[in-house]
Structure formats: structure tokens, C-alpha cells
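Residue numbers (the numbering used here), protein chains in the order written: chain A, 1 to 135; chain B, 136 to 636; chain C, 637 to 1047.
The beta carbon of each residue, even a glycine, is placed where N, CA and C say it ideally should be.
All values reported here derive from a predicted model rather than from experimental measurement.
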Amino acid sequence: MGCHLCEYYCAFAGTDGSDMARALKGIKINPRIKIEEKDGISFAVSCRHCREPLCVKGCITGALTVADGVITIDRDRCVSCYTCVLSCPYGAVSPSDDGAVQKCELCVKTAEGTPACVRGCPNNAIVFEERECAE
Amino acid sequence: MAMNYLYPEYEAARNYDRCITCRACERQCANGAHEYVEEADKMVCDDSKCVNCHRCVALCPTRALKIVKSGNTYKENTNWSGKIINELYRQAESGGVLLSGMGNPENFPVYFDKILINASQVTNPSIDPLREPMETKVSLGAKPRDIERDENGRIINNLPPQLSLSMPVMFSAMSYGSISYNAHESLARAAESLGILYNTGEGGLHEDFYKYGKNTVVQVASGRFGVHPEYLNSGMAIEIKIGQGAKPGIGGHLPGAKIVGDISRTRMIPEGSDAISPAPHHDIYSIEDLRQLVFSLKEATNYEKPVIVKIAAVHNVAVIASGIARSGADIIAIDGFRGGTGAAPTRIRDNVGIPIELALASTDKRLRDEGIRDNVSIVVGGSIRSSADIVKAVALGADCVYIATGALLALGCHLCRSCHSGLCNWGIATQVPELVKRLNPDMGYKRLVNLMTAWRHEIKEMMGGMGINSIESLKGNRLMLRGVGLNEKELAILGIRHAGE
Amino acid sequence: MKYLIIGNSAGGIGAVEGIRQIDKEGGITVISNEPYHTYSRPLISYLLLGKITEDKRKYRGADFYAKNNVKLVHGTVKRIYPEDKQVILSGGEQVSYDKLMVAAGSSPFVPPFEGLDGVPAENRFAFMCLDDALNLNKALDKNKRVLIVGAGLIGLKCAEGILEKVAGVTVVDLAPRILSSILDDYGAKPFQELLESKGIEFRLSRGVKRFEGRTAVLDDGETVDFDILVLAVGVRPNTALLKDIAEIDKGIVINEKSETTAPDIYAAGDCVQTVDASSGESKIMALLPNAYIQGECAGINMAGGEKSFNKAIPMNAIGFFGLHVVTAGNYTGDKLYTEREGNGYKRLFYGDNKLNGFILVGNVEKAGIYTSLIRERTPLDSIDFALVCKKPGMMAFTREERNIKLGGGAV
């Protein structure tokens, strides 16, 4: 419904903080899930964790890998060549604030379990489940 | 405006230490009260636009917002209160009738809060609902007076059609047009899940909801919107709406701007035309006319569906009910003066009608005195706020209650009473698609089910406490009630004793 | 089943991972003519910049070969005997195979410059493989002047890498602009300005006429003295091993399944030629993502699975001193969409209801949306093309499409 709260919960999950007000005060967020909106339509776009991930296949350093179906980024390995940004057909990978790329990693690195955007969406617009894909 | 007579009554108070300028409040306020000021990187609020609906408060991820009274005070005056003064100013400016949404908020006595329930102690042991069977099921409809037998002495089934409910609650009438499609879907799915009924209201039945027919009461109001044979046969009962508690004696009005698309189709009126429900049914001018309408509806539905007649609680409600009980209707629904509405003239909502507790007690007594109590079941509404209110209502003589405001609260309503603006931020009393989608029926219906399940359990606890194990035994059982802080007259009308007696 | 893979880079690794998706048991041997664990060639310039440690330079983890049960042999293949299904290494060893994959890559092209032999070998370098980079690194110091021939991707990455370590860098190219293979005049301008501001000198629209010892004489007569010479003119595919065995045109010809025309022999990577999906032409597209996917495809098919890859297009992602550019496809089509703002530049090339190519300089976010339009040959009238030109994103697709792409939907 265009509230963008998923973006803020995503950004918060990416910090170490325990309180969102302190963690995100004065910061311009750069979340890994992003809202696209136009004419009353809005939806969230984040990594689809494709079964045939073009980003992983194109990565020149092997920084992008698949583990248990989740595609993760090794930030130490990434050299910011942006081949993955060029490859992702959803536009779900993007440069982060420090140059390395970032994308949704299903909150596996935060000790939460359910992804933060799913928990934070007030209208259950984001659902976390396995679905058959076209590819 | 050169001169501001009306200072905003409420302010959105923001804790700037906690605000992270996420702009969710700005994005979600349909009234445009919040704004992000780029140069200052700060959120600000235009309080004159705030309707106190709490959408921003509820969504703020850091709890940085709260709504407070602005504190702009007139000199204290018991007679000319600030509210009355402001309303007068508005009329001086606009020349129009004041409109309000939801139920009467004025300081009239709430009788439910002055009635106390019994509990068993030594003599009649209480019952533990978690260990022993308790019956909250009710059957609504006319009950036959005598047992009839055939020539062989076997009992003939002369029971007229009944409505079977898992608990003595139904969702009251709220039309599609005054509330949204998603709100209707939530009510329908909850009713289905709980085994009770919801009511279409006077806006007709949307084609997508015919599949919930087994849990639907279809309403025939004075405007006859959306009424056709298929509609009548789609539900489990038909309700003739003579009046409603919030605006007794007048009809309804949905402005043409809201009559578009689905609403227009469902109501069977052209797009853009105002939907005016006239004050009387223009084919009911006497009790005999009512009987005729009741039977035409029964004919149209092959006598398979009970007919409900809904009236507002007014001064002679008991007499009117007596007439209805003799007209062939199966159920009488009485709506007290606290009943809610999408839009009604403020003066009528706040000054017309009587409390449901008194209406119910006097109607139940009169019908029993006349020996026709079994002709009908009585359903009451008009501010049933909790399971305690339900127990008290049943003890005063009701077979079942109607809830509406309570249901909307479960769906997210915060009683800001701005329904008539059509910009309900919670997606309930609006048709604007961007707002309607905020009410997710998957979530809404679950909240309704949760609420009713909780109330059902509480009813059982209270009944168990009284040593009663079935609603039937609670019905009209005035001995289970005592009044407190009520005068002789009130106690007499309610038919209960004072606490201590 | 014995799988033999010639080549230890993206194509070869792709084949290993492809095989292991289907066949966990069969023996895999990889022959590499470099004495290293698999490494990523595009990373060698980062090595010069000091950004990569030896561990980070690995394309796959240290336990890759053990985990995938692969035997890594360091050696050079001398000849393939397809009738006997054997290859002979330069040391004389014989290795037999049931299925063979050739991912021999490419080698630097050395034009026959007059006087090139006169440049001492210790001053002359290519910039292709890890040894090139390591040797070059050893030869650098603050007094050296470096001349790079070729202002393409490889030459400029080398220049960026060594700039801080040397006295000066001059780059020569026949083309009138730098990065001529992927950028147009307008796209190349901000990069040239940026590199020049960092101290790199360019001599464009000229070539080296001849070398005289440690001096280069350019076409227009100008002489450039140098201490180090790096040749980064271009690459040629290593097709020699399959000469007279499989069809070779500009490169080894493969089909969608990475099969060569010779039975049981597959190929992938810089050495192959395949159809460019954005133009229909058959050509070499020497780029890591294509190499990997072709290799994986070969691996799966070699192991008995079924896989095709027919969406290879030219695509490049590169950056210099913080300014990035991504490009894809072909710059053909009778219609253009252009946007310019400061150093930022976007140009879309389209026509006949299809997007053929694009250049994005500066803000490269969501470039993948354009890439997928090119790859899938999406008819532009089936999406909101006007929107996608300004703002690439999922919004450009219809609701039904979005339901499938974002909501998961069975086809």
C-alpha cells in the first residue's frame, strides 16, 4: 500500500542496533528491498533467489554464491565490477553505500528467522514462501 | 481564511528524537496531514487536517507519534461547552446540516455499565466451561405455540424456518457503499468461519459474495437497492429495514460521487445518481402493509427463509414490536440510539431514539404479557461492546445481539467518526482503491474470528459462573441481573432489582 | 564416465559445476597450462592495485577441487586425438576421455610491429594472465615510464592498476576514442577526461609505426620514450587444438548445447563462436558470464542432462576510478533514447519493436532490466517502454507479467 515500511525494516535489519529510532536516525537508507510505485500501484522488489541465478553465473570473483537456495554476497570478495547489476533481470542487485553490491539475503545473517520486511509489512503484502518459478 | 474560528481539536505530537523521517505517516494519511520538508530534512504536521484516526500512530515504526488534545480552551462553561460552540461556528460558516459518522458519543447513561451479573456460590454450583459442555448455540425464528399431532398421534413438525447460530451474535447491517468491498469480504469470511451470519445492509449483495450465502442476511431497505429474486433467495434470512438506531425516522443518503462501478451495479442504480433511501418504505403506511410485505417476501422465497424486521428504538418501541410480532415476521431487530452509521445528521444521531437496554426490557415484557413472545425472536444492537454486554442483553430478554461498531473496531477502525468524508485511512468506510487495499481480508477476517472466539469463551465463563450451561437458560433470566446506581423507575422498566436486594 | 576439461578458468569451472549437477560420480580431470588454482582473469588489474590477496584472487574456494572430486593437472595439451579419445600433453603424458571440453580461452594478439623484436623482452609485456600481471608488477617502480598500446578494456584496466606505481602512463590507440569497442563518442568522453585528470596521457587516432629500441614512433611522427611496454591490442581465440577436428570459423563453432561439430567434444568461453541473440550474427563474445554459462551448459549436456543456452549477448561491466559503465548488446536500430546529466549518460538503441543495445555511464542501477529486454527479445509494445527508458524497473511490465515474475507463477 505504498507505506515503504519494508524498506525501513530492511535497513534496520542491516544495522546492529536494537532500537530502530537510534539506528536509523539521520541516515538516508539504502535498503535491499525497494518499492516501485506509479499511479496508485506499488510493490516491493527484492532478490528472487532464482534457481538459475544469472548474477552468480556472471560473478567474476565468485563472491556471489548459493547456499541452501539463498544467494549470498561475500562482501570481502566483491570488487564492485557490477556485472551482477548488469545481469539481474529484476534489478534486485544494486551498489551499496560502500561500493560492494547488496541484495536481499533473506535475513539469514541476522538472527531473526523471518525476513524483516515480511514481519514489518502492516498489510501482509510480502509473503515468504516457496513458489514454483517460470524459469 | 481570514478568521480561524475553528482551531484544530487534536494534534499529532511527534517525538523528534525517535522520528527517522521514514515518511510512512505522510504516505498513509489520506487527509494529507503530514509532510516531509526537504530543506530541513524534517517531518511536520498540519493539525487542521488531522481527524484523529491513529493511522500514523499505529504504523510509525519507532512509535514517535501520538495524538493529543491541542488544549486550545474556551472559558469553562457547563452549558455552552466547547463542542457546542464549535458546532455552531461550523453552521454559521456553512449553513448546512451537521453530519457525523458512527454512534452517539454524548453523555447519556450507559445502562449496561450499571447492571451487574450474578455468580453462584454455595447453593447452585458454578460450572467450569473448560470441563463441562456449555451451549452457546441459538435458534432464531418463530416458535410454535402448541405441539400438533397427526391422526396417528405422531408429532407434526410445525417449526417455521429457523436461523442456527453458533453463538448469540450476528454482524449487523453495513451497506456495500458505506463500507468497502474488503470490509464485506472480511465480515463474510468471518461469519462463515464462526458459524454466524453477517448482513448485506441496504446496498445489495455483490456477486462475489453469493458464495457466502449460507452466512448472509439480505436486507430490504426503503430504497430497495439491489433487490431482485435471486438476491432474496441467496441468503438465509431477509431483513426489512424500517429504521436504524442512529437515525430513526429518516432515510439514508449515499452521494452520487460514490455510486460508481461495482457499487452502482450492486445497487442497481445508474452511476453518479445519488442513492437516497426514503424515510418510510413507500409501500408501508400501516401495520397491515407491513404484513403484506412480509408475506410477499416469503412468497418470493418459498417460505424457506425467516423474515426479520428491523426497527429503531423509539418511545413506543414495545407497542410497535407487538404489532410486528403479529404481522408474520419471525424475528424483530431493535437498534438502540447508540447504533453506528456511515453518515447521519448529528442532531438526529445524538438526540433521537432511546437506549437499547430499556427498549429491550420493555419489549420483552410487553410481548410476554400479551402472550406472543414466542411469535418472534428478538435481536438487539446499538452498542454491544463486550461479552458482558451480550450476557446482560440476553438476560434482559434478547435471543441474540447485532454488533457492527465492534466488528469495525476489530478490522482497524479507531472511531475517529470521519466516515462521511469517504477517506477512511483504515480502508473500511471508503471506496478509494488505494485506501480499500489497506484492509487485507486475510488479516481482517482472522481478527473478527479472534474477537468472537474470545467473546464466546467469556460468555461461557460468565454463564458457568452463574451455574447456567446454556443460552436458553439465560434468556430473559432477569433474576441474574442487579442494577446499581439506578432509580426506582429505571429498575422497574428494566425489570431488575437493585444490588443488595 | 571420464570427463576431460581443457582450461581452468570460467568456462572450465562452469563445466565442472555443470557436470556435478547431474553426475556426482564420474571422474573429472581439468588440465591447466598455468600453475595456479583457478583464478579470475578480470581480477588481475585489481591485483596491481593491491586490492586482491592471493586468497581473494581465487575464483572458487581453496577446497573446490577436493569438494567436487576433480583432478587438476598442470600441463599443456599438445594435441587431441579424437578417434582414440586421447590427448597428449607436452611432457608426453596421455590422458584419455569419454567426453572432452575445450575451454582454452584466448591469447593476446601481437601485431607484427616493425622493430618489436628490438624491444628487450624484460621490458615488454602482455596483460592477459596472472603471470603477466605478476611479472609486470615486479618490473614497475616510481621511475618507469609506461607505454600501453591499446585503449580498450584490458589496456585501460592495466593503466588504472599501475598508475600510482610509475612515473607516467601513455596509452596509444588507432581508434578516435577510448573503449571504442563498447562506448560511443559521448560515452567515452567522461572516462577520457577522468583518466586524463588522473595523469594518464592518450594518443588517439594513431598507431605505432615502429619501435626503435625503447622508443615508439607513432604514425604522425611523434616519438614516445618508454621503459615498459604493454601490448593490449586485442585477443585471439585459442582454436588450434581443434583444427581439422571440429568446425572453426572466427572461433570454435558451437551450438546452443555447447557442442562442437565433433562428436563428444564441447567448447565454451573466449575460444568459441556462437550466435549473438541481440543481432542474430555468429561471433565471438569473449566475456566471463558467457564463458561460465556456456561451460555449465556443456557440463550438463556432457553428463547426460539437457541444457541449452541461446541468449548470449555482448555485455560489459567495468569502472575506472569510481566511474562505472555497463553496456550490452549491439548499437543498432533506427531509434535512440538518450539522457545526459553531468557525467551520467544513458543511451538505448532500439528499432523494429526490440531493444538491441544500451550504454549506461554513471548510475547503473537496474541495468539488468534492459539486459533482459535484449536477451529475451521482448516486444517493446508489450511493456511500458516510455517508462522503462526513464526508469528501468518491474513497473514497466504488465500486471500479469509481474504476477509471474514477482509472485511466482507456473508457466
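| Check | Outcome |
| --- | --- |
| Could you compute how far the alpha carbon of Ala63(A) sits from the alpha carbon of Leu684(C)? | 19 Å |
| Hey, Tyr986(C) and Val997(C): beta-carbon distance below 8 Å or not? | no |
| At a CB-CB cut-off below 7 Å, which residues of chain A make contact with Gln163(B)? | Cys3 |
| I'd like to know whether the C-beta of Ile126(A) is nearer than 8 Å to at least one C-beta of chain C. | no |
| Kindly provide the ranges of any beta strand (DSSP E) runs that are 3 or more residues long and lie completely inside the segment 8 to 92 of chain A, ordered along the chain. | 34 to 38, 41 to 45, 64 to 67 and 70 to 73 |
| Alpha helix (DSSP H) containing Met637(C): first to last residue? | Careful: Met637(C) lies outside any alpha helix (DSSP H) and carries neither H nor E. |
| For a test of the three-state rule: what should DSSP assign to Leu194(B), helix, strand or coil? | helix |
| So if I threshold CB-CB distances at 9 Å, which residues from the segment 77 to 91 of chain A count as touching chain C? | Arg77, Val79, Ser80, Cys81, Tyr82, Thr83, Cys84, Val85, Leu86, Ser87, Cys88, Pro89, Tyr90 and Gly91 |
| Run through the DSSP bridge pairs and tell me what Cys535(B) is partnered with. | Val514(B) |
| Which full runs of the beta strand (DSSP E) of 3+ residues lie inside the segment 560 to 625 of chain B, going along the chain? | 616 to 618 |
| Alpha carbon to alpha carbon, what distance is there between Thr351(B) and Tyr580(B)? | 15 Å |
| Contact criterion: CB-CB distance below 8 Å. Does Ile155(B) meet it with respect to chain A? | yes |
| My output table needs one value for Gln909(C): the three-state DSSP class, helix, strand or coil. | strand |
| What ranges does the alpha helix (DSSP H) occupy inside the segment 989 to 1043 of chain C, keeping only unbroken runs of at least 4 residues that lie completely in it? | 1003 to 1011, 1021 to 1026 and 1035 to 1043 |
| Under a Cβ-count criterion, where at least 16 other Cβ atoms within 10 Å of its own Cβ denotes burial, should Glu320(B) be classed as buried or exposed? | buried |
| To be precise: take each residue of the segment 186 to 211 of chain B, compare its Cβ to all Cβ atoms of chain A, and keep it if any distance is under 9 Å. Which residues remain? | Ala193, Leu194, Pro196, Thr197, Arg198 and Ala199 |
| May I ask you to report which of helix, strand or coil DSSP gives Leu830(C)? | helix |
| Does the Cβ-Cβ distance between Asn334(B) and Ser307(B) come in under 8 Å? | yes |
| Between Thr72(A) and chain F, is there a C-beta pair that is closer than 8 Å? | In the structure shown, chain F cannot be found, because the protein chains are A, B and C. |
| With a threshold of 8 Å between beta-carbons, can Asn30(A) be considered close to chain B, or not? | no |
| I'd like to know whether the C-beta atoms of Cys55(A) and Ile71(A) end up nearer to each other than 8 Å. | yes |
| Short of 8 Å Cβ to Cβ, which residues in the segment 962 to 982 of chain C face chain A? | Val962 and Ala964 |
| Three Cβ pairs or more, each shorter than 8 Å: is that satisfied between the segment 559 to 575 of chain B and the segment 589 to 608 of chain B? | no |
| How is Ala1046(C) classed by DSSP in three states: helix, strand or coil? | Annotation note: pLDDT 44 at Ala1046(C) (below 50); position unreliable, no value reported. |
| Does the Cβ of Ser315(B) have 16 or more other Cβ atoms within 10 Å, making it buried, or fewer, making it exposed? | buried |
| List the DSSP bridge partners of Asn334(B). | Ala308(B) and Val352(B) |
| Could you tell me which residues DSSP puts in a beta bridge with Thr674(C)? | None; Thr674(C) has no bridge partner. |
| Hey, quick one: how far does the beta strand (DSSP E) through Pro260(B) stretch, first residue to last? | Segment: none, Pro260(B) is in no beta strand (DSSP E) and carries neither H nor E. |
| Take the Cβ of Ser518(B) as the centre, count every other Cβ of all protein chains shown within 10 Å, and call the residue buried at 16 or more, exposed below. | buried |
| Note down, in chain order, every chain A residue with its Cβ under 8 Å from the Cβ of Pro568(B). | Gly40 |
| Using a beta-carbon distance below 8 Å, is Asn317(B) in contact with chain A? | no |
| Give the DSSP bridge partners of Asp470(B), in chain order. | Ala447(B) and Gly516(B) |
| On the DSSP letters alone, give me the boundaries of the beta strand (DSSP E) that Thr401(B) sits inside. | No beta strand (DSSP E) holds Thr401(B); the alpha helix (DSSP H) holding it covers Gly396 to Arg402. |
| Taking the C-alpha atoms as reference points, what is the distance between Cys84(A) and Gly236(B)? | 54 Å |
| Give the residues of chain A in contact with Thr1007(C), contact being defined as C-beta atoms less than 9 Å apart. | Leu54, Leu86, Ser87, Cys88 and Pro89 |
| Is there a C-beta anywhere in chain B that falls below 8 Å from the one on Pro122(A)? | yes |
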